[in-house]
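Just below is one structure, and these are the notes that go with it.
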Ligand SMILES: Nc1nc2c(ncn2[C@@H]2O[C@H](COP(=O)(O)OP(=O)(O)OP(=O)(O)O)[C@@H](O)[C@H]2O)c(=O)[nH]1
Ligand SMILES: [Mg+2]
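Residue numbers (the numbering used here): 27 to 290.
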């Protein structure tokens with residue numbers, strides 16, 4: 027499952043709570059925290075380690091941070107593979123935490139069977155921003171930091187937004203109020219996730235998502251392989267020259283692609 031949302035919304039704290047809940051019923055649980063800002067030794071990763079410390083000594087728990095700086099474009103693919111490996115190694119639950127800030131993060135959470143979008147009270151404008159991109163991929167909407175004032179209002183705003191958008195799949199996301207700080211609402215969140223997974227299994231949505239993810243993965247690899255094969259045949263210099271002609275407006279990209287394909 028994916029846990030996404032704005033920076034500092036309490037995702038890691040919630041994931042730590044979810045870990046405890048899932049660990050109580052599964053022998054092996056894994057977390058992949060995708061860190062968009064930090065290099066490998068960055069403070070945020072260390073922060074995540076420390077916040078999840080109470081879980082990290084447990085043999086049944088695997089926690090991995092992945093820095094994404096410098097990996098734009100390939101992040102979703104890399105994450106998908108890491109998740110596959112963890113799955114193959116026998117983890118019953120794999121949680122992917124990522125900051126929901128852009129398209130890249132939206133792609134990352136597509137690897138997940140269930141996506142929880144974490145918001146906090148009083149985000150106002152940020153909720154508008156969320157609405158634009160990521161609301162449509164949320165299967166469960168979490169209003170975290172519900173120990174703070176304004177959680178009910180935020181939940182109402184989200185419910186309102188849901189009525190405006192049209193559901194792609196027929197699933198109506200549940201809205202759950204939680205506090206990672208006090209543990210309030212965690213059981214309700216787990217139940218909401220369970221309900222979505224049961225629905226996804228029954229409705230065929232789970233198969234649709236795995237089929238889409240598999241297609242995405244194979245096509246991406248195929249594209250890379252074909253480009254490399256073409257470069258091998260024509261020589262990198264030939265390709266470079268073609269690109270330069272597009273850059274200097276001597277040719278349009280469509281004709282250049284036709285030309286390269288015809289030559290190869
Ligand atoms: N009041 C309150 N504070 C919380 C809650 N959950 C987390 N926090 C605090 O919010 C801050 C951010 O928590 P994190 O769990 O690191 O949030 P995050 O979304 O993982 O942050 P990034 O990964 O950096 O985007 C920390 O200081 C937490 O102690 C909550 O339910 N209530
Ligand atoms: Mg975090």
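Beta carbons are placed, not taken as given, at the ideal position from N, Cα and C, and that holds for glycine. Just so we're clear, the structure is a prediction, and the values are computed from it rather than from any experiment.
The straight-line gap separating the alpha-carbon atoms of residue 288 and residue 249 is approximately 17 Å.
In the three-state reduction of the DSSP assignment, residue 61 falls in the strand class. By the CB criterion at 7 Å, residue 207 and residue 168 fall outside the cutoff.
Residue 262 and residue 241 have their alpha carbons spaced roughly 28 Å apart. If you look at residue 215, you'll find it in the alpha helix (DSSP H) that goes 212-229. Per the Cβ contact rule, the stretch 117-124 is in contact with the stretch 42-49 (3 or more Cβ pairs under 8 Å). Per the coordinates, the alpha-carbon of residue 255 lies some 20 Å from the alpha-carbon of residue 270. For residue 123, the pairing in a beta bridge is given by DSSP as 29, 59. Here residue 44 is buried: its Cβ has 16 or more other Cβ atoms, across all protein chains shown, within 10 Å.
In this structure, the C-beta of residue 38 approaches ligand 1 to less than 6 Å from one of its heavy atoms. Just so you know, the alpha carbons of residue 253 and residue 259 end up roughly 10 Å apart. Contact check for residue 61 against residue 91 passes: the beta carbons are separated by less than 7 Å. Beta-carbon to beta-carbon, residue 199 and residue 176 are separated by about 20 Å, too far to satisfy the 8 Å threshold.
DSSP, read as helix, strand or coil, puts residue 115 in coil. Setting aside the 5 residues that flank it on each side, residue 31 is surrounded in the same chain by 37, 126, 143, 144, 145, each with a C-beta closer than 7 Å to its C-beta; the list follows chain order. Only buried fits residue 42, as 16 or more other CB atoms lie within 10 angstroms of its CB. DSSP, reduced to helix, strand and coil, places residue 146 outside both helices and strands of the structure shown, so it counts as coil.
The residue among 59, 58, 224, 180 with its C-alpha nearest the C-alpha of residue 171 is 180.
Comparing C-alpha distances from residue 163 to each of 104, 194, 57, 202 shows the shortest one belongs to 194.
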